[in-house]
Amino acid sequence: MARGIQQDGADITAMEMTKWFDTNYHYIVPEFTKNQIFNISSDKIINEYKEALELGIKTKSVLIGPVSFLLLGKEKESGFHRIELLERLLPAYEEILQQLVDVDAEHVQFDEPYLALNLSEKEQRAIHQTYAYFAAKFPNIKITVANYFDCFGENIDTALALPVHTLHLDLVRCPLQLDDILESNKLNSYTHLSLGVIDGRNIWKNDFEKSLQLIQKAIDHIGADRILIAPSCSLLHSPCDLDSGE
C-alpha cells in the first residue's frame, strides 16, 4: 500500500500519502470504488482492549469516525461520491462495536476531525445518520464524538444534535466555541462535554489558569458531573519524555 510493487509482472502504484490535516504526520489515503465492500481484517482494537482489561484497566477504544474515514479518502472511479458508501460501511463498524460489547466495553470514541471542515448538507446528514444508527444499535455504549484542530464552525448544530454521550472540543485551537455551545441552549441535557484544554501538540507546560477558567465556565453552565478533562487531540503528536527525547 505504501510502496507499491513492481515484480513478477505486477506493476502496482503506491497509494497516495498526504498530511493529516495541518500536522507533520501523513496517512495513506483510502481508495474507494462504487461497489466497495467493507470487511473487518484486523482484531487489533479488540486485542488491545483485552490486554488493558487483563491489567485492570477498563479503557476507552478510539476509532476513526465513519464519515471522516470516507471523506479523507478518494474515489478511484467516476460516477459516485464516496459518502454514498456510508450504508455499506456502517455494518463493519457495527461488527467492531459488537465485539467490544462482547468484552464488556462501556466507552467508545469516534474521531470525526472532518467536523472542523466545511461539510455539505448531505455530509452533515451523514454524520447524524451514523450516530443515530449507533445509538439505536448500541444504546448502552457511551459514545464520544471528538473533533479537533479547529472549531465545529457551521457544523455546530449538527454536532449538538447528535445522540451521543460526549462531545469532545479542541479548546486549544478554538476556545471561543465553548461560549457558542453553552450559550446556544442546544446542547442535549444528557450530553457531556470533553474539554480539550491540554495542548496535545506541544511539549510546553500547560497554562493552568486559562484551562481552569474554561473548565469553571463549563461547570457553571452544565455542572461538574457532565465535564471531562482531556488533551485537545491525540497525544500521538507529543513526545513521551523530554529527557529521553522519545
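Each residue of the sequence shown is one higher than the last, beginning at 1006 in our numbering. Every residue gets a Cβ at the ideal spot worked out from N, C-alpha and C, and that includes glycine. Predicted model only: the values in this text are computed from it and were never measured.
Extent of the continuous beta strand (DSSP E) to which residue i belongs
i: Tyr1032; result: 1031–1033
i: Val1150; result: 1147–1151
i: Lys1024; result: 1022–1024
Residue(s) in a DSSP beta bridge with residue i
i: Gln1001; result: With the chain represented from 1006 up to 1251, any question about residue 1001 goes unanswered, as that position is not in the structure.
i: Ile1232; result: Leu1198
i: Thr1171; result: Thr1149, His1197
i: Glu1036; result: Lys1079
i: Ile1203; result: Pro1236
Nearest neighbour of residue i, chosen from the options [CA to CA]
i: Arg1130; options: Pro1180, Ala1223, Ala1166, Glu1099; result: Ala1166
i: Asn1044; options: Arg1087, Arg1093, Ala1007, Leu1077; result: Arg1093
i: Gln1103; options: Glu1080, Ile1051, Leu1058; result: Ile1051
i: Val1150; options: Lys1081, Ile1088, Ser1199; result: Ser1199
i: Tyr1098; options: Ser1237, Asp1204, Leu1075; result: Leu1075
i: Phe1213; options: Ile1234, Thr1135, Phe1085, Lys1065; result: Ile1234
i: Lys1127; options: Leu1091, Ile1148, Asn1145; result: Leu1091
i: Tyr1195; options: Phe1026, Lys1147, Gln1218, Phe1037; result: Lys1147
i: Tyr1138; options: Pro1096, Phe1154, Thr1163; result: Pro1096
i: Asn1190; options: Ile1208, His1173, Leu1181, Asp1162; result: Asp1162
i: Ala1141; options: Pro1168, Leu1241, Leu1174, Leu1060; result: Pro1168
i: Val1113; options: Ile1069, Ile1224, Ile1042; result: Ile1069
i: Leu1120; options: Glu1111, Arg1087, Asp1155; result: Asp1155
i: Trp1209; options: Thr1064, Leu1058, His1242; result: His1242
i: Arg1206; options: Asn1145, Thr1028, Asp1016, Gly1009; result: Thr1028
i: Glu1089; options: Ala1164, Ile1042, Lys1055; result: Ile1042
i: Glu1111; options: Ser1216, Ile1203, Ile1062; result: Ile1062
i: Glu1021; options: Ile1101, Ile1227, Lys1081, Ile1232; result: Lys1081
i: His1133; options: Ala1164, Leu1172, His1197, Asn1123; result: Ala1164
i: Phe1115; options: Cys1179, Lys1065, Pro1035, Ile1186; result: Lys1065
i: Ser1231; options: Arg1008, His1170, Leu1122, Asp1048; result: Checking the sequence shown, residue 1231 turns out to be Arg, not Ser. If we check each option's Cα against that of Arg1231, His1170 comes out closest.
i: His1086; options: Ala1057, Asp1048, Ser1125, Arg1008; result: Ser1125
i: Asp1048; options: Ile1101, Leu1060, Ile1227, Asn1160; result: Ile1101
Expected contact under 8 angstroms - CB spacing of residue i and residue j to nearest Å
i: Val1106; j: Phe1143; result: 6 angstroms
i: Ser1239; j: Leu1176; result: Incorrect: roughly 15 angstroms between the Cβ atoms, too far for contact.
i: Lys1039; j: Gly1084; result: 6 angstroms
i: Thr1023; j: Tyr1032; result: 7 angstroms
i: Asp1072; j: Thr1135; result: The amino acid at residue 1072 is misidentified as Asp; the sequence shows Val. Contact holds; Cβ gap of about 6 angstroms.
i: Leu1183; j: Lys1222; result: 6 angstroms
i: Pro1118; j: Phe1026; result: 6 angstroms
i: Leu1174; j: Asn1152; result: 7 angstroms
i: Ile1203; j: Asn1211; result: 5 angstroms
i: His1226; j: Leu1187; result: 4 angstroms
Continuous alpha helix (DSSP H) stretch holding residue i: start and end
i: Asp1162; result: 1161–1165
i: Ala1007; result: Here Ala1007 belongs to no alpha helix (DSSP H), and DSSP marks it neither H nor E.
i: Lys1222; result: 1213–1227
i: Asp1185; result: 1182–1189
i: Asn1052; result: 1049–1059
(Q) As an exercise, report each continuous alpha helix (DSSP H) stretch of at least 4 residues that is fully enclosed by the region 1061–1132, in chain order. (A) 1071–1076, 1091–1107
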